[in-house]
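Following: one structure in structure tokens, then a few remarks.
4 protein chains.
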Amino acid sequence: MSDKPLSVHYINYLSLDKILDAQTPISKEKGGEAHEEMLFIIIHQTYELWFKQILHELNSAITLFEADRIDESSIGIVVGRMDRVNTILTTLVGQIDILETMSSLDFLDFRDYLSPASGFQSHQFRKIELILGLKIENRHQFGGCPYHSQFDGEHKKEVLALEENNSLFSLVEKWLERIPFLKMDGFDFIKKYEQSVNEMLQKEINNIQTADLTDQDRDLRLKMIDQNRKYFQRVLSKREHDKAMLDGETRLSYKATMSALLINLYRDEPILHSPYQFLRSLVELDHKISTWRFRHVQMVEKMLGLKIGTGGSSGQGYLKQTVDKHKFFTDLANISTLMISRSYLPSLPKITKDQLGYNYSK
Amino acid sequence: MSDKPLSVHYINYLSLDKILDAQTPISKEKGGEAHEEMLFIIIHQTYELWFKQILHELNSAITLFEADRIDESSIGIVVGRMDRVNTILTTLVGQIDILETMSSLDFLDFRDYLSPASGFQSHQFRKIELILGLKIENRHQFGGCPYHSQFDGEHKKEVLALEENNSLFSLVEKWLERIPFLKMDGFDFIKKYEQSVNEMLQKEINNIQTADLTDQDRDLRLKMIDQNRKYFQRVLSKREHDKAMLDGETRLSYKATMSALLINLYRDEPILHSPYQFLRSLVELDHKISTWRFRHVQMVEKMLGLKIGTGGSSGQGYLKQTVDKHKFFTDLANISTLMISRSYLPSLPKITKDQLGYNYSK
Amino acid sequence: MSDKPLSVHYINYLSLDKILDAQTPISKEKGGEAHEEMLFIIIHQTYELWFKQILHELNSAITLFEADRIDESSIGIVVGRMDRVNTILTTLVGQIDILETMSSLDFLDFRDYLSPASGFQSHQFRKIELILGLKIENRHQFGGCPYHSQFDGEHKKEVLALEENNSLFSLVEKWLERIPFLKMDGFDFIKKYEQSVNEMLQKEINNIQTADLTDQDRDLRLKMIDQNRKYFQRVLSKREHDKAMLDGETRLSYKATMSALLINLYRDEPILHSPYQFLRSLVELDHKISTWRFRHVQMVEKMLGLKIGTGGSSGQGYLKQTVDKHKFFTDLANISTLMISRSYLPSLPKITKDQLGYNYSK
Amino acid sequence: MSDKPLSVHYINYLSLDKILDAQTPISKEKGGEAHEEMLFIIIHQTYELWFKQILHELNSAITLFEADRIDESSIGIVVGRMDRVNTILTTLVGQIDILETMSSLDFLDFRDYLSPASGFQSHQFRKIELILGLKIENRHQFGGCPYHSQFDGEHKKEVLALEENNSLFSLVEKWLERIPFLKMDGFDFIKKYEQSVNEMLQKEINNIQTADLTDQDRDLRLKMIDQNRKYFQRVLSKREHDKAMLDGETRLSYKATMSALLINLYRDEPILHSPYQFLRSLVELDHKISTWRFRHVQMVEKMLGLKIGTGGSSGQGYLKQTVDKHKFFTDLANISTLMISRSYLPSLPKITKDQLGYNYSK
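Residue numbers (my numbering), protein chains in the order written: chain C, 34 to 395; chain F, 34 to 395; chain D, 34 to 395; chain A, 34 to 395.
In structure tokens:
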């Protein structure tokens, strides 16, 4: 027995007895251990550990956004945590390279034993999707059963509860609706912005009409501008926007969309700096998850070609569909369509500008 | 005047006078330099430099494969060069992060000046696609004109010539057709392989019928096996294969496909080690180019949303189509569908095995 | 002749005629082109292009910091640009992998022709070091001559001028000295901080004395705390700090150091968020340049072992020295030594807190 | 109770109950959970999972090299596994970025609770060092006690046993000594190589003497060549080599060094292709572990500055020492010093060449 004083040892602190004792290759039980099964187990375990960390960060963001009053230092903190989630996702994408060192032939040494286990059965990944705001009706359905039929007991309950709870999407939407910038000191953002857009489009038309272009080119470009005009009109009209929401073409409310646009346009104002970084981090998150799905499809293609997946899934088919379809913040990415050059940006009245900024050098 | 002896200076060796004098932001000429235009120019120039290097490597591979007799040391050399191309592509994908530090708002400060210049006009990238084996009839067409209408003079001539020349795809196909392994010393690979597949499928059926499954599950699985059987039959039949080629479902010839399968299955044999690495590097190349296109789409989404591209292209639409469609070596990736576990692998006669391997330890 | 209207073509916009015509392998002139020389030229050209971009960003930061009055939106802009520089450096580190696909044997096919050209002769890299704040007296000297003896004419003049100009280091130091937070509304930061440190150290001592430790362990820990106390005392004393500056142990002035400490401790306050991100980006920059040098040393080791470099330099020796010695912002990294847990952080008076923050939700 | 048939579920297969229940932040027990402690725990757990995988691969390499007879297909397999280890290490280096999203201030919220736990106490990392071949006498010692005093019971026993067992270093050395290429069919490699080196050096001297150089430059270069000559002589002399081994300047035996040189020089010969890839992968492994240590030092610098580590270690000091000192295959990296250009490479007699290669195209 050790007479050392009780103190924290690395091995205990990290529960390494549990962690390093949790790998039980089935091929070994069946009598012939396939060398590569260990890799298959361990890489999935690291994925699940990182999913737990992502949930830890997302849940903390949910808590901060559920507060009655969200001050700028909360946004600063969330920016840091979303940045962490995105850095984790960079690692998750990158480490697919490790799994790709296992070849198709290696995988076949133990693949049959796994059936019907499948990545579809990761409750943590479903939770991530739910917390971000993926609704069951927006999922690409696979096979005849809803995704949660994969789960039992506690896991099922948790997953179903999340369908009802606030998602990051809905909380961000509410926050955008609440921030008080659309009408400040008599500055009516939407009206001013609309004027600027019209001015910009008119100038583009003038440029095209005086440019040395072939008739065909001129017509093509004028047509493009007309399309742009319609796009702007549709987006700026609350009625059209509400219709697009009903049709499932857009999810973010009119008011939230306008606030997001304002933040993107006036992001150089100090007070809008963190909100801008936050909105950008959500688009980044969306893209990184898509990239992970995309690389996942490639990995499956290398490993299985067109073979059927272990859970009875057509390896690539389902995954391919989710790359584009299971996105959360497309509406925020599409704000870019509405951006106009700084030279057309409506200038803020001085009083507003002073409120949005501060100076600290003498 | 310098009285130093003539010798190589870094600045001259790299022609830095040319390289560093080749950035002329249009916004500067127009009177108001947009800070971010420099980045836009420089990143595209690095892309073009790397494209030149990729062409240098691919052309050397073409030369080696055009030889009458291709020995294994050539394959070894090409493996090294394809590995280099893939490492370059990793950098090309990664450096999209740099461009993404430029925001939509920054881009709009100079975007209008660029029209109608566009990445479509990169003759080097078209050459890469052509050398790898993309035929004009397999391209996703954009707008009303063929892709080469973007080019004039020498560039157009070069591009059109490449449509006629040997591509890496066609040379690899010929090489696969020539290698003499399908029938060795009375070992008829295709026949043996077919027997093994049947044996494997029968065993799977037996397993399912004795397993403790619900009726629904059992039927589902038996159906899957039946699909697999049909897939194998179709692929192994030369007639079916030739038909699939006519229908545009596959491009690689029957004989080449069988050789590629053999290389993948017997890759542990020393003589097949380099050929296997080579085939794998081609699939890798395909995946990396797709990933680059995919990330490119995301970058454009961040920058422009749904805006029309500078060359009149709908920013994302065309690019999105090419991610999947402009692939070169899908048939090699699909070999994975035909892989069978090592335990079913037909064993080679000793004489064949000796021919394929060597030992050098005492 | 083309009757198309004059408009911007990608090839012209990027001066691709110059860029793609600037590769002239010497081995080709000498009669036997070494396949790998092209890679050697092109990778160095991409490095130089990126150096130009880094200089573009750093110079813009210099300009913003030379202003009489630096407002927070400038800091926000600089944060974005430093982030870009760091993303570029990530690519520069990563693309060493490409050069490492060239082996020692490949390099020897043309290495002899290059002598005495050498990376030491990159005037742009010297400019980056100078703009960041590396002084000639802090350089690891190599051979008998000062580093600028490698340059002639215009390049030499530019480099020497930069020795005299404002560096980012000196401008950041001045900015830190000017920001008015050390004494706000009767809140004397240094005094308060010193009290907190003493309180913290005393609590640590109490903990150790009551803990169940062996005598040896207890003594060791008490000794460590005593060292810490001395460290804090030395750093907080202006006189000791000035002495350390004279001795070359530290470069950043006392007042600037204290402001940097304050920013790091109170970074959750909205007004200090961007300044904190900026300081962190400088440490990040330092680390990335060091990592680049470190990987560079490894690459040279692989390529040349202990061979003498082309410019007469002992391949690894010089580079190894610069990894640690040519750092710019070590004093900012060392601020971490002075950090204390949030629980000991002196709380700000309400009036100060209001000045530093803002709220915008209803 | 579920009436489903027993079958493998993802959650059970991966023992997720254990894995996801193994995070117990001490700060939570102490009453105030520090948000960032979860990250600290999880990232270390992923490191340990990957260490387990690295050990799995290294142990399999040890087993293959302990065989009486090592054929080329074993080398091919080991190449693939070393490549996997290197890909894992790339992820381990990259994911330091995740930990760096935690700032110094965040870390201090729970750091005090950890003492004296420390990364020094990772038995798996020690095992990796031991299996690769780090002997206790070559370690940078830290504090007054040997490294294994950190371990108890089973862990201590395992670690001590590994000090006695075959390491990968020693097995590779034996393998290199056994391969029969140094004298083939009357081709005496060392003698031939020595002649070529002399020829090469003489030609370099001639070139320098006829070149248009200043006297100073000429002398410098002749001196360099003289140094090279001495280096070659020392290395090629068995007596000098044995002396250098006794003095601890080199570890790899004379015969193994010569075989490694031969493999590097004649790597284009098919039979030497895999051995070359294997030797290169060992140097790569060394470099990646060094890079990981190097980035680790930077991370600690950001987090703690010059603070004392949790285990009583001076954060950076120990780690910095190990970056260079705890390398395993420096002797293989230094082979590059002995490389000579292909134009000087002694040509193999035809009979030898035929034995080393094979052709398979008609």
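Cβ coordinates follow ideal geometry from the N, Cα and C atoms, glycine included.
Here the structure is a predicted model, which means the values were calculated and not measured.
How about residue 384(D): is its Cβ closer than 6 Å to a heavy atom in the ligand NAP? The model on display carries no ligand, and the ligand NAP is accordingly not part of it.
Selected residue, minimal CA-CA separation from residue 202(A), among 333(A), 262(A), 78(A), 290(A): As a working mapping, residue 202(A) is identified with position 169 in the fourth sequence. It is 290(A) whose Cα lies nearest to the Cα of residue 202(A).
Could you tell me which residues DSSP puts in a beta bridge with residue 221(D)? Taking the third sequence and counting its residues from 1, one reaches residue 221(D) at position 188. For residue 221(D), which the question treats as bridged, DSSP gives the partners 216(D).
Would you please state the rounded distance, in angstroms, between the beta carbons of residue 122(F) and residue 215(F)? I believe it to be under 8 Å. Locating residue 122(F) in the second sequence gives position 89, where the first residue counts as 1. Locating residue 215(F) in the second sequence gives position 182, where the first residue counts as 1. Their Cβ separation, rounded to whole angstroms, is 33 Å, which puts residue 122(F) and residue 215(F) out of contact at 8 Å.
Around the Cβ of residue 67(D), are there at least 16 other Cβ atoms within 10 angstroms (buried) or fewer (exposed)? Translated into positions along the third sequence, residue 67(D) becomes position 34. Buried.
With residue 81(A) and residue 53(C) assumed to form a contact (beta carbons below 8 Å), what rounded beta-carbon distance in angstroms separates them? On the fourth sequence, position 48 is the one that residue 81(A) refers to. On the first sequence, position 20 is the one that residue 53(C) refers to. 6 Å between Cβ atoms; contact.
Compute the distance between the beta-carbons of residue 118(C) and residue 162(C), then report whether it is under 7 Å. By one-based count along the first sequence, residue 118(C) stands at place 85. By one-based count along the first sequence, residue 162(C) stands at place 129. Cβ distance not < 7 Å, so residue 118(C) and residue 162(C) don't count as in contact.
Based on Cα-Cα distance, which residue from 234(C), 188(C), 166(C), 143(C) lies nearest to residue 205(C)? Walking along the first sequence from the start, residue 205(C) turns up at place 172. Closest by alpha carbon: 166(C).
Rank 43(F), 84(F), 373(F), 385(F) by C-alpha distance to the C-alpha of residue 232(F) and give the top, closest one. Position 199 of the second sequence, counted from the start, is the residue given in the question as residue 232(F). Of 43(F), 84(F), 373(F), 385(F), the residue nearest in Cα terms is 373(F).
Listed in chain order, which residues of the segment 146 to 166 of chain D have Cβ atoms closer than 7 Å to some Cβ of chain A? none
Can you give me the C-alpha to C-alpha distance between residue 96(D) and residue 197(D), rounded to a whole angstrom? The residue labelled residue 96(D) in the question sits at position 63 within the third sequence. The residue labelled residue 197(D) in the question sits at position 164 within the third sequence. Distance between the alpha carbons of residue 96(D) and residue 197(D) is about 16 Å.
Can you tell me the Cβ-Cβ gap for residue 129(F) and residue 332(F), rounded? I've got them flagged as a contact below 8 Å. Locating residue 129(F) in the second sequence gives position 96, where the first residue counts as 1. Locating residue 332(F) in the second sequence gives position 299, where the first residue counts as 1. With a Cβ gap of about 5 Å, residue 129(F) and residue 332(F) count as contacting.
Quick check on residue 366(F) - is its C-beta less than 7 Å from some C-beta in chain C? What you label residue 366(F) is simply residue 333 of the second sequence in a count that begins at 1. It does; some Cβ of chain C falls within 7 Å.
Report back the beta-carbon spacing between residue 307(F) and residue 126(F) to the nearest angstrom; my notes put them in contact at under 8 Å. By 1-based counting over the second sequence, the position of residue 307(F) is 274. By 1-based counting over the second sequence, the position of residue 126(F) is 93. Not a contact, Cβ separation roughly 26 Å.
Residues near residue 376(C) in its chain [Cβ-Cβ closer than 6 Å; skip 5 each side]: Stepping through the first sequence from its first residue, residue 376(C) is reached at position 343. Excluding sequence neighbours, residue 376(C) sits near nothing in its chain.
Express the C-alpha separation of residue 136(C) and residue 338(C) in angstroms, rounding to a whole number. By 1-based counting over the first sequence, the position of residue 338(C) is 305. By 1-based counting over the first sequence, the position of residue 136(C) is 103. Rounded to the nearest whole angstrom, the CA to CA distance from residue 338(C) to residue 136(C) is 11 Å.
Please compile the residues from chain F whose C-beta is within a distance smaller than 7 Å of the C-beta of residue 109(A). Walking along the fourth sequence from the start, residue 109(A) turns up at place 76. Residues of chain F passing the Cβ test: 301, 303, 306.
Nearest to residue 157(A) by alpha carbon, out of 274(A), 273(A), 180(A), 209(A)? Counted from its first residue, the fourth sequence places residue 157(A) at position 124. Closest by alpha carbon: 180(A).
Start-end ranges of the beta strand (DSSP E) lying completely within the segment 54 to 127 of chain C, minimum 3 residues: none
Are the CB atoms of residue 209(D) and residue 292(D) nearer to each other than 7 Å? The residue labelled residue 209(D) in the question sits at position 176 within the third sequence. The residue labelled residue 292(D) in the question sits at position 259 within the third sequence. A contact, by the Cβ cut-off of 7 Å.
So for residue 419(F), helix, strand or coil by DSSP? The structure shown does not extend to residue 419(F), since chain F is modelled only from 34 through 395, so no value can be given for it.
Specify whether the segment 315 to 333 of chain C and the segment 243 to 257 of chain C touch according to this definition: at least 3 beta carbon pairs, one from each stretch, less than 8 Å apart. By the criterion of at least three beta-carbon pairs nearer than 8 Å, the segment 315 to 333 of chain C is not in contact with the segment 243 to 257 of chain C.
C-alpha distance - residue 168(A) paired with residue 327(A), whole-angstrom precision: Residue numbering aside, residue 168(A) sits at position 135 when the fourth sequence is read from its first letter. Residue numbering aside, residue 327(A) sits at position 294 when the fourth sequence is read from its first letter. Answer to the nearest angstrom: the Cα atoms are 21 Å apart.
Euclidean distance between Cα positions of residue 287(D) and residue 274(D): Along the third sequence, read from residue 1 onward, the residue named residue 287(D) stands at position 254. Along the third sequence, read from residue 1 onward, the residue named residue 274(D) stands at position 241. Looking at the two C-alpha atoms, the distance is approximately 6 Å.
Are there 16 or more other CB atoms within 10 angstroms of the CB of residue 384(F), so buried, or fewer, so exposed? What you label residue 384(F) is simply residue 351 of the second sequence in a count that begins at 1. By the 10 Å Cβ count, residue 384(F) comes out exposed.
Examine chain A for any beta-carbon lying closer than 7 Å to the beta-carbon of residue 36(D), and answer yes or no. Indexing the third sequence from 1 puts residue 36(D) at position 3. Low per-residue confidence applies at residue 36(D): pLDDT is 36, beneath 50, and the placement is therefore not dependable, though the value from the model is reported in the following sentence. Chain A, which has no Cβ nearer than 7 Å to the Cβ of residue 36(D), makes this no.
Between which two residues does the alpha helix (DSSP H) containing residue 248(A) stretch? Taking the first residue of the fourth sequence as 1, we reach residue 248(A) at position 215. Note, residue 248(A): alpha helix (DSSP H), 248 to 269.
Against chain B, with Cβ distances strictly below 7 Å, would residue 105(D) count as a contact? You won't find chain B in this structure, because its protein chains are C, F, D and A.
Tell me which same chain residues have a C-beta within less than 6 Å of the C-beta of residue 49(F), skipping the five on either side of it? Sequence index remark: in the second sequence, residue 49(F) carries index 16 (1-based). Excluding positions up to five away in sequence, the list is empty.
Could you check whether residue 303(A) and residue 200(F) sit closer than 7 Å to each other, using their CB atoms as the reference points? Mapped onto the second sequence, residue 200(F) falls at position 167. Mapped onto the fourth sequence, residue 303(A) falls at position 270. Cβ distance not < 7 Å, so residue 200(F) and residue 303(A) don't count as in contact.
Report the rounded CA-to-CA distance for residue 188(A) versus residue 154(A), giving the unit in angstroms. The count along the fourth sequence starts at 1 and reaches residue 188(A) at position 155. The count along the fourth sequence starts at 1 and reaches residue 154(A) at position 121. Rounded to the nearest angstrom, the two C-alpha atoms are 10 Å apart.
Do residue 120(F) and residue 134(D) have their beta-carbon atoms positioned less than 7 Å apart in this structure? In the third sequence, the residue the question calls residue 134(D) occupies position 101. In the second sequence, the residue the question calls residue 120(F) occupies position 87. Closer than 7 Å, so yes.
Given that a residue counts as buried once 16 or more other Cβ atoms are within 10 Å of its Cβ, and exposed if not, what is residue 100(A)? Here residue 100(A) is taken as the residue at index 67 of the fourth sequence, counted from 1. Under this definition residue 100(A) is an exposed residue.
In chain F, which residues lie less than 7 Å from residue 116(D) when you measure between Cβ atoms? Translated into positions along the third sequence, residue 116(D) becomes position 83. Those are 134, listed as they occur along chain F.
Between the beta-carbon of residue 173(A) and the beta-carbon of residue 354(A), is there less than 7 Å? Taking the first residue of the fourth sequence as position 1, residue 173(A) is located at position 140. Taking the first residue of the fourth sequence as position 1, residue 354(A) is located at position 321. Yes, the Cβ-Cβ distance between residue 173(A) and residue 354(A) is below 7 Å.
Just how far apart, CA to CA, sit residue 58(C) and residue 110(A)? Here residue 58(C) refers to the residue found at position 25 when the first sequence is read from its first residue. Here residue 110(A) refers to the residue found at position 77 when the fourth sequence is read from its first residue. Straight-line Cα distance between these residues: approximately 20 Å.
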